[in-house]
Structures are given as C-alpha cells and as structure tokens.
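Below, the structure is given as structure tokens:
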C-alpha cells in the first residue's frame, strides 16, 4: 500500500469517528432537553386528590392486617429446618 492510500484511509476513519461522536452528542443533548421539558410539563399538572386519599387509607391499616399468622411462621420454620437437614 502506498502512504497516500493509508493517509486517505486514516483521514476517512477520523472523519467518520468525528461525525459519529457529533451525532451521539447531539442525540444525547436532545434527549436531555426532552426529559427536562417532560419534567417541567408534568410538574405543571396539578396533583390528583385520589393519591392523598389512598395514602391515608393505606397508613391506617390495623395491626391484624400487618401481622404474620402463626401458621405461616410454623410453615416457614419447618421448611427452613427441612432445607438445612437436606443441605448439611
């Protein structure tokens, strides 16, 4: 190969690399602007009151709804004991 051909190929490779980097940079810049615009737009919409009502309803759960049944604890304990017997 001649040095002119190698130089031409290196120049073309550098040009393609530069164009590719510019395209990626422009795409990411547009993506950032779009996300910021979407965030601004979503913040302009007033909050729905249904969300507040659901939060208060979920925070007033009774103790019986959050406790684990003794039968479940016994079943889990038995399963763990059986697993330990098999693996040891």
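Numbering (my numbering), first residue to last: 1 to 88.
Ideal placement from N, C-alpha and C gives every residue a C-beta, glycine not left out.
It should be emphasised that the depicted structure is a prediction, and the values quoted were computed from it without experimental measurement.
Query	Result
Inter-residue spacing [alpha-carbon to alpha-carbon] between residue 3 and residue 26	34 Å
First and last residue of the uninterrupted alpha helix (DSSP H) at residue 32	3–44
Coil, strand or helix - residue 88 by DSSP	coil
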